[in-house]
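Taking it in order: structure first as C-alpha cells, then the write-up.
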C-alpha cells in the first residue's frame with residue numbers, strides 16, 4: 011500500500027526499511043525525486059512539532075509545499091474531506107499529509123483517491139510517524155527491540171501514541187507495560203499489563219511518558235496537577251532510581267511538572283529533543299516511500 | 011491593461027491567447043520569468059480551490075510566493091486595502107492576486123498601484139480566472155463556442171461566475187440560458203433567457219451548475235434542500251435525458267444532493283475535477299501575461 | 011552576540027556594518043549561505059509589513075522559510091515559548107525571527123537556545139530592525155547622523171520605535187526631541203526633550219511620526235481623532251512650514267488623518283514607502299549577520 015495510515019498496516023519489513031532510510035538521512039544521505047512533486051499538508055488540529063517536522067522533511071527533499079489551514083478553507087463552507095482532497099489531487103498535489111480529529115478519517119478516502127495519504131494523526135487513534143520516530147530513537151540507543159522493557163505512562167486511553175506504539179513494540183519483540191492512573195488504562199489494548207510507576211522506573215529500559223491531553227477529555231482530573239505528578243509522574247526522585255542506561259521519552263508538547271519534572275526534560279537520559287530531530291528523518295523516509303510507491307519518482 | 015480584473019475588460023483576442031497558453035502548459039510547455047519574481051496571494055475570504063490553484067500555478071512558474079492571511083495581518087489594525095497593497099509593492103512584491111468580499115474592490119487600486127493585480131474574485135461580481143477555466147474546459151470538449159447551448163443553473167443573483175460567464179459566452183458566440191428558481195434569476199444580465207430545468211437538460215450542450223451560496227444570502231430558501239434538488243437540481247433522472255455528448259460543469263465546492271446528485275459528481279459527463287486541473291493551467295497563463303505586460307520578465 | 015534583540019545591545023560599529031550591507035543589497039549585491047538554511051518566523055501578533063518584509067528578505071537570500079502561526083500551533087495547548095523554540099531548533103531550524111507581545115520575551119531564551127534569535131518586536135519595548143531601517147532611510151538622505159535634528163511625534167509611551175530610535179540616534183550624534191500630547195511623553199527616556207509640534211516642524215530635519223496604537227492602550231483618547239490631528243498631527247499646513255530638505259517618516263500602518271494628513275502619505279518629502287523597501291534590505295543584512303555569527307555559513 012502506498013499510504014501510511016496506521017502502524018498495524020505497515021509490515022515489519024517496511025518498518026525496518028523506513029528506519030534504515032531515516033538513519034541514512036541522519037547520516038547525511040541525500041535523495042530527491044526526479045520530477046517536481048507537490049505535497050499538501052492538511053492540518054485540521056493545532057500542531058507545531060508534527061506540522062513543521064513534515065514541512066522541514068518535505069523541503070529537505072526538494073518538494074513543493076502547500077500548507078492548508080482548515081480555518082481559511084472551503085471546509086468552512088461545509089466541504090467534505092473527500093471533496094477537499096479530491097480537489098487537491100485535481101490541481102496537481104502528488105501527496106497529502108493529513109491530521110484530523112476524526113478517528114479513521116482516511117476510511118472515506120482510501121480507494122477513492124489516487125495519491126498517497128500520510129496520516130499525521132487521527133482522533134485518538136493512530137499517529138504512525140510518531141511511532142516510527144519513537145522506534146528510531148529506541149533503535150539508536152539499544153540497537154534492537156528484542157527483550158527491551160518499555161513502560162508507557164499516562165493518558166493511555168486518549169493517546170494515539172500509546173496504541174500504535176504498544177502494538178508495534180510487541181511485534182518487534184519488546185515487552186510493554188502501562189502505568190498511570192488505573193482508570194486511564196485502556197484494557198482494550200492487548201499488548202501489555204499495568205505496572206505501578208514506582209516499580210516501573212526500576213525495571214524499564216525505556217520510560218515512554220505521554221502527554222495529558224487536557225484539550226481532549228473534560229479533565230475530570232483524577233486529582234490536582236501537583237498530586238498527579240507526585241502519584242504518577244516522573245519525579246526527580248524516581249528518575250534517580252532508573253537503571254543506568256535507561257532512557258526517557260515524551261512525544262511533547264510537555265506539561266512540565268505534571269507528567270515529568272521540568273528539570274528532567276533536558277536531563278542526560280532524556281531523548282525528548284532527539285526524538286524531534288529523528289522525526290524529521292523518519293518523515294523524509296516516509297515521504298520517499300510515498301513517492302516511490304506512488305509512482306511519482 | 012496589465013491587470014486581470016473582469017472578463018468584459020479582457021479583449022476577445024486576449025482571451026484566446028490565454029486559453030492557448032493554458033492548453034500549451036497542459037501539453038507540457040514550460041515557461042519561467044528570467045528574474046526572481048514575487049507574488050502575494052491576498053485572500054480575504056475562505057477558499058481552497060482558487061487559492062491553492064494559484065499557488066500551484068505560481069510555483070510551477072518558479073515564482074516566490076507570499077501567502078497573506080487577512081486574520082493575522084495589519085488589516086486587523088484597520089489598515090486599508092490600498093495601504094496593504096502599497097506596502098506589498100514597496101517590499102518587493104511583483105504581482106498581487108486578491109480575493110475580497112467587496113464588489114469592485116480594485117477600483118480603489120487601479121492607477122495607484124504599479125504592479126499587476128489579478129482578481130481572484132470580488133464580492134458577488136467577477137471571478138475572471140474561473141470564467142477562463144470554464145471556457146478552456148468547454149473549448150477542449152467542443153473545439154469552438156459558436157452555436158453551443160449553455161445553460162447556467164442556480165443562484166444567478168449571487169454568483170460571480172454567472173455574470174462573467176454569461177457575458178463572455180455570448181461574446182464568443184454561444185447561446186446562454188438561465189435556470190433555477192425564478193426569483194433567483196437576475197434580469198439585469200442581458201445575455202440569456204430563463205428556461206425550465208426539465209427543458210434545459212434535453213437541449214443543453216453544457217449544463218453549468220452553480221453553487222448555492224449559503225454563506226452569502228440569508229437562505230430564505232425557496233424550499234428545503236431536498237425539494238430544491240427535486241425541483242431545480244441536476245437529478246439522476248434528468249442527467250439521463252441529457253444529449254449524448256453534453257457535459258456537466260460546476261465551480262465547486264459542491265453541495266452534494268442539492269444542486270447536483272452526489273452520484274453525478276464524478277459521472278462520465280462530469281468535467282468538475284477536470285475544471286480544477288484546467289484552473290491551474292489558466293492561472294499559469296494569466297500569471298505569464300501579468301509578468302510580460304507588467305514588464306517583469 | 012549572534013542575536014539581534016535590542017538596539018542598545020548592538021555596538022555602533024555593528025550598526026554601521028548592517029547599514030553598509032543593507033545599502034549594498036539595495037545596490038544589487040547578492041549573497042547566499044553555502045548550505046541549506048531554515049528560518050522560522052514566529053509571529054504572535056498581527057503584522058503585515060514586518061512579517062512579509064522578513065519573508066521577502068529570507069527568500070532573496072535563498073533561505074527555507076517556515077511560517078509559524080500562533081493560532082494553529084501547540085501554543086494553543088499551553089506550550090511555553092521556550093519549548094516551542096527548542097522544538098524548532100530540534101527539527102532543524104537555523105534561525106528564528108520572533109514577534110511577541112511580552113516585553114523582553116527573549117530573556118527566557120538567550121543562553122538556552124543555540125540558534126540566533128532576531129527580535130521582530132517585543133511588547134512595547136524593542137523593534138531593532140525597524141530602528142535600523144529608519145537609520146538607513148536617514149543615512150541615505152543626509153549621509154550622516156551628526157547634528158541632525160530628529161523629532162519623534164506621538165504615542166511615545168506605547169511605541170517600540172520611539173525608545174529604540176531615541177537611544178541610537180543620540181548615540182550616532184543626532185539631537186532628538188519628542189512631540190505629541192504631553193501625557194504621552196515617557197520621561198524615562200533620557201535622550202530628548204519635549205517640543206511643541208508647531209515649533210518642531212520648523213526646526214526638524216526629520217519628522218518621525220509614530221502610529222497611535224489603538225489596539226494597545228484603552229484609547230482614553232486625549233481627544234477625538236480629528237482634534238488630535240489638529241492639535242498634534244502633521245497637517246497639510248504644518249508640512250508647508252517644514253524646512254526645504256527635511257523629510258517625513260512613519261513606521262506604518264498609518265492612521266490616515268490622525269497622526270498625518272492622508273494627502274501627505276505619498277507627498278514629496280514622505281519616505282514612508284521607501285522605509286518599507288529599506289526594511290527588506292536591512293533584514294537581509296541582519297539575517298546575513300545571524301548566519302555568519304551563528305556559524306551557519
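Protein chains in written order, with my numbering: chain D, 11 to 307; chain C, 11 to 307; chain R, 11 to 307.
Ideal placement from N, C-alpha and C gives every residue a C-beta, glycine not left out.
What you are looking at is a predicted structure, and each value in this text was computed from that prediction instead of being measured.
Taking 8 Å as the threshold, the shortest C-beta distance from residue 202 of chain C to chain R does not fall below it.
The beta carbons of residue 270 of chain D and residue 264 of chain D sit closer together than 8 Å. Among the residues of the stretch 283-296 of chain D, those with a Cβ less than 7 Å away from any Cβ of chain R are 283, 286, 287, 289, 290, in the order of the chain. At a C-beta separation below 8 Å, residue 101 of chain R has these neighbours in chain D: 59, 62, 63, 66, 286, 287, 289, 290. Only 46, 48, 50 from the stretch 34-61 of chain C bring a Cβ to less than 8 Å from some Cβ of chain R. Take residue 19 of chain R, set aside five residues on each side of it, and the residues of its chain with a beta-carbon closer than 7 Å to its own are 11, in chain order.
Within the model, the alpha-carbon separation for residue 41 of chain D versus residue 99 of chain C is close to 37 Å. Close to residue 209 of chain D, with beta-carbon spacing below 7 Å, lies no residue of chain C; the smallest spacing is near 49 Å. The shortest C-alpha to C-alpha distance from residue 106 of chain D to any of D:89, D:88, D:131, D:113 is the one to D:131. Chain-order list of chain R residues neighbouring residue 96 of chain C: 283, by C-beta distance under 7 Å.
Shown here for residue 276 of chain R: same chain residues with a beta carbon closer than 8 Å to its own, the five before and five after excluded, namely 282, 283 in chain order. Close CB contacts of residue 293 of chain R within its chain, under the 7 Å cut and outside five residues either way in sequence, are with 63, 64, 67, 139 (chain order). Chain order gives no chain D residues near residue 111 of chain R, where near means a beta carbon separation below 8 Å; the closest approach is about 18 Å. When Cβ-Cβ separations below 8 Å define contact, residue 69 of chain R makes contact with chain C. Residue pairing from DSSP leaves residue 13 of chain C without any beta-bridge partner.
In the DSSP assignment, residue 185 of chain R falls within the unbroken beta strand (DSSP E) covering 185-189. Residues of the same chain with a CB within less than 8 Å of the CB of residue 205 of chain C, apart from the 5 flanking positions on each side, are 161, 187, 188, 189, 213 in chain order. Any Cβ of chain R closer than 8 Å to the Cβ of residue 74 of chain C would place that residue at the interface, and such an atom is present. The beta carbon of residue 288 of chain D sits closer than 8 Å to those of 32, 36, 143, 146, 147, 150, all from its chain and outside the five residues before and after it, given in chain order. Positions of the alpha helix (DSSP H) runs, each at least 4 residues long and wholly inside the stretch 162-208 of chain C, are given as 170-181 in order along the chain. In this structure, the beta-carbon distance from residue 243 of chain C to residue 268 of chain C falls below 8 Å.
For residue 89 of chain D and residue 261 of chain R, the gap between their C-alpha atoms comes out near 41 Å.
For residue 109 of chain D, no alpha helix (DSSP H) run applies; the uninterrupted beta strand (DSSP E) run containing it begins and ends at 105-110, by DSSP. For residue 141 of chain D against residue 175 of chain D, the beta-carbon gap comes to about 5 Å, under 8 Å, which counts as contact.
With respect to residue 298 of chain D, residue 71 of chain D sits close: the two C-beta atoms are nearer than 8 Å. When rounded, the separation of the alpha-carbon atoms in residue 234 of chain D and residue 168 of chain D is 18 Å. Per DSSP, the unbroken beta strand (DSSP E) holding residue 53 of chain D starts and ends at 48-53. Nearest to residue 250 of chain D by alpha-carbon distance, out of D:211, D:285, D:223, D:236, is D:211. Taking all protein chains shown into account, residue 246 of chain C has fewer than 16 neighbouring C-beta atoms within 10 Å of its C-beta and is therefore exposed. A distance below 8 Å separates the beta carbons of residue 104 of chain R and residue 49 of chain R. Linking residue 184 of chain D to residue 215 of chain D through their CA atoms gives a straight-line distance of about 10 Å. Within the DSSP bridge table, the entry for residue 74 of chain R names R:48 as partners. In the three-state DSSP reduction, residue 294 of chain D falls in the helix class (H, G or I). Counting along the chain, the unbroken alpha helix (DSSP H) around residue 95 of chain R starts and ends at 91-100.
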